[in-house]
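Worksheet: one structure, shown below.
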Amino acid sequence: MSPSIGAINIYPIKSCRGISVQSAMLTEAGLMFDREWMVVREDNGRFISQREKELLALVDVGLPPELLAAAPYGAISTHGSMTLSAPGMEPLQIPLARKPACETRKVTVWEWTGIGMDEGADAAAWFSRYLGIPSRLVRYLGSSGANVETAAAAAGLPQQQQQAGVVCGGGEDGSLECTRTTDPEFAVNYETRFTDGYPVLLANQAALADLNSKLVEPLPMNRFRPNIEVAGADPWAEDGWRVIAVTCFADGRTLPLTLVKPCSRCKVTTINQATAKIGDEPLETLGTISTGQLHSSQLAHWKIAALRVGQGARLERDAQVLDSRRLLRVECRLAHARYPLCG
Numbered sequence: 001m002s003p004s005i006g007a008i009n010i011y012p013i014k015s016c017r018g019i020s021v022q023s024a025m026l027t028e029a030g031l032m033f034d035r036e037w038m039v040v041r042e043d044n045g046r047f048i049s050q051r052e053k054e055l056l057a058l059v060d061v062g063l064p065p066e067l068l069a070a071a072p073y074g075a076i077s078t079h080g081s082m083t084l085s086a087p088g089m090e091p092l093q094i095p096l097a098r099k100p101a102c103e104t105r106k107v108t109v110w111e112w113t114g115i116g117m118d119e120g121a122d123a124a125a126w127f128s129r130y131l132g133i134p135s136r137l138v139r140y141l142g143s144s145g146a147n148v149e150t151a152a153a154a155a156g157l158p159q160q161q162q163q164a165g166v167v168c169g170g171g172e173d174g175s176l177e178c179t180r181t182t183d184p185e186f187a188v189n190y191e192t193r194f195t196d197g198y199p200v201l202l203a204n205q206a207a208l209a210d211l212n213s214k215l216v217e218p219l220p221m222n223r224f225r226p227n228i229e230v231a232g233a234d235p236w237a238e239d240g241w242r243v244i245a246v247t248c249f250a251d252g253r254t255l256p257l258t259l260v261k262p263c264s265r266c267k268v269t270t271i272n273q274a275t276a277k278i279g280d281e282p283l284e285t286l287g288t289i290s291t292g293q294l295h296s297s298q299l300a301h302w303k304i305a306a307l308r309v310g311q312g313a314r315l316e317r318d319a320q321v322l323d324s325r326r327l328l329r330v331e332c333r334l335a336h337a338r339y340p341l342c343g
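Per full-length UniProt numbering, the sequence shown runs over residues 1 to 343.
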């Protein structure tokens with residue numbers, strides 16, 4: 001069996017439930033709609049994740065079926081709403097269309113502080129009640145292909161399939177950036193949204209299968225929250241991966257991803273995503289497995305690309321096949337003995 005994309009997942013709101021899709025548009029800042037929103041503390045704007053509020057695992061996020069089913073390079077529309085639901089809460093609708101004028105808020109995710117678009121009082125009240133602390137829902141405002149609008153323009157879609165960009169700012173946030181970049185120690189001036197560090201997360205399905213063979217109770221892949229799951233590879237083969245070339249263009253061209261950086265361990269892997277209960281696994285068992293070094297991935301920069309489940313992936317060890325001036329950083333998150341990471 002040749003390696004291929006086994007699954008694609010997007011997580012519209014950081015630390016909330018993901019959505020499995022058959023295809024997705026890959027922009028310069030990650031998969032469209034992925035981690036475009038996050039919940040922050042009302043007092044200081046710092047992000048809230050499952051690390052401190054496990055109940056976020058039970059927040060269901062829905063996008064319009066027609067949006068998820070749309071063929072890449074087809075019609076892109078931001079009409080409709082994102083639907084949120086959670087135990088004990090009434091469903092909440094969040095319009096997908098960006099407001100032409102909006103309130104901005106100072107926000108912080110890990111080391112980055114910038115501005116985000118505040119989604120308003122209803123969303124704030126919903127999350128505040130559910131989490132039990134004053135909260136706000138914010139949206140990423142960066143550029144460089146992060147938005148539906150700029151992604152459509154980059155793809156050269158017809159004018160009727162594009163929407164005008166939105167400018168938000170002013171006030172005390174005016175001096176802050178709305179575009180978040182990756183860690184300059186590993187990649188300078190590459191964009192990511194509200195992820196833990198890089199635009200796209202990868203996982204090896206065979207590595208999880210091998211891990212599960214050592215567990216009393218097997219775990220699903222959602223513990224690791226990847227965007228792209230690689231199928232058909234050997235368990236822990238990712239230790240030697242340097243380049244993953246995904247065939248995602250009609251003319252046979254490939255989209256190369258280069259693995260470059262070790263990932264760190266995360267508490268979220270121990271949270272049952274169906275119950276929000278915390279356990280010891282998989283970290284306890286992962287600590288007994290030694291398979292070498294795990295890397296994050298660096299993604300060759302195309303203005304826009306379409307990914308589909310079933311697309312072939314060629315694995316190489318020579319990272320020198322890529323032009324470093326055209327690379328966009330992404331993160332490779334695998335069900336790995338040493339460095340599972342979560343966002």
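All C-beta atoms, glycine included, are put in the ideal place defined by N, C-alpha and C.
Please classify residue i as buried or exposed, where buried requires at least 16 neighbouring CB atoms within 10 angstroms.
| i | result |
| --- | --- |
| Asn44 | exposed |
| Asn189 | exposed |
| Val216 | exposed |
| Gly18 | buried |
| Lys277 | exposed |
| Ala86 | buried |
| Ile10 | buried |
| Asp251 | exposed |
So the beta strand (DSSP E) residue i belongs to, where does it begin and stop?
| i | result |
| --- | --- |
| Arg136 | 135 to 139 |
| Asn272 | Element bounds for Asn272: n/a, residue is neither H nor E. |
| Asp60 | 60 to 62 |
| Ser4 | 4 to 10 |
| Gly116 | 112 to 118 |
| Glu20 | Note on residue identity: the sequence assigns Ser, not Glu, to residue 20. Its beta strand (DSSP E) spans residues 19 to 21. |
| Ala245 | 243 to 247 |
| Thr104 | 104 to 109 |
| Arg41 | 37 to 41 |
| Leu202 | 202 to 204 |
Does residue i come out as helix, strand or coil in the three-state DSSP assignment?
| i | result |
| --- | --- |
| Ser128 | helix |
| Leu215 | coil |
| Met89 | coil |
| Pro256 | strand |
| Leu68 | helix |
| Ala233 | coil |
| Ala121 | helix |
| Ala276 | coil |
| Leu157 | Note that Leu157 scores 34 on pLDDT, short of 50, meaning its location in the model is unreliable and no value can be drawn from it. |
| Gly197 | coil |
| Met221 | helix |
Write down the C-beta distance between residue i and residue j rounded to the nearest angstrom, noting that I regard them as a contact closer than 8 Å.
| i | j | result |
| --- | --- | --- |
| Glu229 | Gly6 | 5 Å |
| Asp34 | Pro12 | 7 Å |
| Leu124 | Glu42 | At residue 124 the sequence reads Ala, which differs from the Leu that was named. Between Glu42 and Ala124 the Cβ distance is about 7 Å, and since that is below 8 Å, they are a contact. |
| Glu284 | Ala29 | Rounded, the Cβ-Cβ distance is 35 Å, inconsistent with contact. |
| Cys102 | Met117 | 5 Å |
| Gln311 | Thr247 | 6 Å |
I'd like the span of the alpha helix (DSSP H) that includes residue i, first residue to last.
| i | result |
| --- | --- |
| Ala97 | Where Ala97 is concerned, there is no enclosing alpha helix (DSSP H), given that its DSSP letter is neither H nor E. |
| Leu283 | 283 to 286 |
Closer than 8 Å, CB to CB, is residue i near chain C or not?
| i | result |
| --- | --- |
| Arg223 | No chain C is present in this structure, which holds just one protein chain. |
* Validate contact between the region 219 to 238 and the region 192 to 208 using beta carbons, cut 8 Å, 3 pairs -> yes
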